[in-house]
Structures are given as structure tokens and as C-alpha cells.
Amino acid sequence: DQQVKQNSPSLSVQEGRISILNCDYTNSMFDYFLWYKKYPAEGPTFLISISSIKDKNEDGRFTVFLNKSAKHLSLHIVPSQPGDSAVYFCAAIKNGATNKLIFGTGTLLAVQP
Amino acid sequence: KAGVTQTPRYLIKTRGQQVTLSCSPISGHRSVSWYQQTPGQGLQFLFEYFSETQRNKGNFPGRFSGRQFSNSRSEMNVSTLELGDSALYLCASSPKSGGGGSPLHFGNGTRLTVT
């Protein structure tokens, strides 16, 4: 049962344009959603998170939007840079005494110079 | 501050053997979680330790086990290795367990190959 889904395995964007990465979830008990970026041969790096009580969180070039009624979130990167090329994972966590993250399968973003 | 350190980076083992992987969390972090990454299954939660106690366990067979020491360092052990255990094993640390607002910090992983 895939509770967190990233339906686009890959995305290609021109440098300077907007990158939009999407994520859907099925479990309404999730309290926080996080985005991680991963380069080959490295561990995931935390990018940005959003609480389920908010609908938007912004940090520099990165903005995450949450639509709870649609059980959908998206990560916007503006402007996109070649160094943003990586695999992006969406993850969710339920409130409680645990750090168990449920990850999506990832989207490979390629930013073309 | 030093990041999460995992050793070794690469490991090759034969079916039936056992393996122990090590993780040193960021200083002051008391929660250590382990994840398995494979091409087919993505990132899957193995278990989490906090103050030497297992807080949660993922859906993996009993061949996968772990422990945490009083200095928060953690080890995971896989016994009777199978070909399907070939994966990148990632360790992550956090100051606390639960709450969601404190993101996990990952190490660079141990790449295990079982032949």
C-alpha cells in the first residue's frame, strides 16, 4: 500500500524556469510533509517541510503548497538552477512518538542549462 | 558540527553471511533511524532508536535488527544475508523522536552488495 505517491518519475526544466514537483498521499493522519533532495552516492538532504495545519511554506527559492482536501502537495523551485538537478523525495510523518517517515518513490529533476 | 557518519561506505558479502553496519549521529541527537533504499521499493523504514530503546519497527523480517548505545551511536545487523538485501542502507538522526517538526538528517549510507 503506497501511502505517498510521486507519479512523475522524471521532469526536465530549462534553467531559470519554474520546476513543479507533485506528491499525493492517501492517509489523512499525516501531520507533517517534508521534501528531501538526493544526489547519487549521497544521503537525502532536507529541503523544506510543511505542517498539515498550513497550506504554504516558503524558504528562498523553494515553496511547498499543501491541498488537504485533495491530499496533494507540490514543491515549486523558482528559478531553477542546474545544481538543482537531483532526485526529489516527498515524505510524510504521523504525529506521535516516532520519526518514521513514509517516502514517495522520488522524481528525478533535470535542469537544462 | 559533524554530520551523520556511516561506516563502512561499501560492503560486499556472500549469501548466508551476516553484516553489521554502524552509524554515528550528529552530536546531541538522541534519535537514530535506519532506512533501506532499493530501486524497486524506494526508501523503506527499518527501525528507530531513541535513548537506547527501539521506538518503532518497519515491516522487515527478524533477520534485521539494531541497537543503540548510551552515546547514541547505533548499529544494525542483518543475519543470513539474501540477494534481495542488496541495497543502500541509510541512517538518519534527529534531536528528538516524534512531533514531525524536527527533520531527519541523513548520512551518506552504506552500499551493501550480496553475491
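Respectively, the protein sequence lines represent chains D and C.
Residue numbers for the first sequence follow the working numbering, beginning at 1 and rising by one.
Residue numbers for the second sequence follow the working numbering, beginning at 1 and rising by one.
Think of the CB as a built atom: it goes at the ideal place given N, C-alpha and C, for glycine as much as any other residue.
Every value quoted in this text rests on a predicted model; they were computed, and no experiment measured them.
Close to D:G16, with beta-carbon spacing below 9 Å, lies no residue of chain C; the smallest spacing is near 28 Å. Excluding sequence positions up to five before and after D:I20, its CB lies within less than 6 Å of the CB of S74, H76, all in the same chain and listed in chain order.
Our two residues, D:V78 and D:R61, have alpha carbons roughly 5 Å apart in a direct line.
Assignment of C:G28 by DSSP, reduced to helix, strand and coil, places it in the coil class.
When the beta-carbon positions are compared, D:N95 and D:D31 come within less than 8 Å of each other.
For C:F50 against C:S97, the beta-carbon gap comes to about 4 Å, under 8 Å, which counts as contact. At a cut-off of 8 Å between beta carbons, C:H29 makes no contact with chain D.
One Cα belongs to D:I18, the other to C:K13, and the distance between them is close to 44 Å. Looking at the DSSP output, C:Y35 shares a beta bridge with C:F45, C:L90. Of all residues in the stretch 48 to 60 of chain C, only E48, R55, N56 come within less than 7 Å of chain D when Cβ atoms are compared, listed by chain position.
With 16 or more neighbouring CB atoms inside 10 Å of its own CB, C:L112 falls in the buried class. Taking C-beta separations shorter than 6 Å and ignoring five residues to either side along the sequence, the partners of D:N22 in its chain run S74, following chain order. In terms of beta-carbon proximity, D:P113 stays away from the interface with chain C, with every pair separated by 8 Å or more.
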